[in-house]
Every structure is written in C-alpha cells, then in structure tokens.
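K.L.:
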Amino acid sequence: MSYRSYNFRIYPTTCQQALLARHFGHNRFVWNHFLGIRKKFYDENKDSNDKKGLNYNDTAKQLTELKSTDDYEWLNEVNSQSLQQTLK
566 MSYRSYNFRI
576 YPTTCQQALL
586 ARHFGHNRFV
596 WNHFLGIRKK
606 FYDENKDSND
616 KKGLNYNDTA
626 KQLTELKSTD
636 DYEWLNEVNS
646 QSLQQTLK
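In this note's numbering, each number is its position in the sequence shown, counted from 1, plus 565.
Here it is as structure tokens:
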C-alpha cells in the first residue's frame with residue numbers, strides 16, 4: 566500500500582485573515598486560562614485522595630459559565646466548537 570500526501574496553500578482575503586486571527590487569539594486565551602486553572606487545581610489537591618485533576622467535562626462547563634459573564638462576553642465572537650476543541 567502506498568501513501569500520498571498533498572500540500573495546499575491557501576490565500577485568505579483580508580477579512581478571512583482577521584477572522585482567523587480572532588479565532589487563534591481566542592483559542593490561545595482559552596488554552597492559557599484553563600491551563601492555569603488546571604495547574605492551580607492540581608497544586609491544591611495533589612496531596613488529597615480525592616480528584617487530582619480536571620477533565621474535559623469540568624472545563625467545558627466552566628467555559629460555558631465564563632462565556633456568560635460580562636468580562637468574557639467577547640468569547641462569543643467565534644464559534645464554540647473551536648474553543649471546545651482547544652479544551653480537548
């Protein structure tokens with residue numbers, strides 16, 4: 566069985582570039598925000614016999630709550646699937 570690979574180059578318009586940059590920035594924020602939350606949760610619970618880490622379901626619920634606050638309302642500018650995929 567032989568495998569082939571293809572490389573494609575895209576040339577987005579200025580509007581598409583702005584939308585992609587917005588998506589990347591929002592995803593970067595979600596990654597760093599929840600990485601800090603997971604680290605803090607682990608540090609607080611590493612010595613206990615209870616849950617030591619947060620899973621995707623825990624953080625997805627927190628993301629929904631975060632998007633509904635006034636300070637982080639701007640997270641609604643991009644589609645939720647990309648933000649959820651960042652959590653995974």
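C-beta: ideal position from N, C-alpha, C; glycine also.
What you are looking at is a predicted structure, and each value in this text was computed from that prediction instead of being measured.
Just checking my contact of N610 with K616 at CB under 8 angstroms: how many whole Å lie between their CB atoms?
P.N.:
Confirmed, Cβ separation roughly 7 angstroms.
K.L.:
List, from N- to C-terminal side, the alpha helix (DSSP H) runs of 4 residues or more that fit wholly inside the stretch 566–623.
P.N.:
As far as the stretch 566–623 is concerned, its whole alpha helix (DSSP H) runs of at least 4 residues are 579–610.
K.L.:
Write down the C-beta distance between G618 and F606 rounded to the nearest angstrom, noting that I regard them as a contact closer than 8 angstroms.
P.N.:
The pair is a contact, with the Cβ atoms about 7 angstroms apart (cut-off 8 angstroms).
K.L.:
Can you name the start and end residues of the alpha helix (DSSP H) that S647 belongs to?
P.N.:
Its alpha helix (DSSP H) spans residues S645 to L652.
K.L.:
Please confirm if the stretch 623–632 is in contact with the stretch 642–652, defined as three or more CB-CB distances below 8 angstroms between the two stretches.
P.N.:
Yes: at least three Cβ pairs fall under 8 angstroms.
K.L.:
Flag this pair as yes or no: are the beta carbons of K637 and L631 separated by less than 7 angstroms?
P.N.:
The sequence shown places Tyr at residue 637, rather than the Lys named in the question. Yes, Cβ-Cβ distance for Y637 and L631 is below 7 angstroms.
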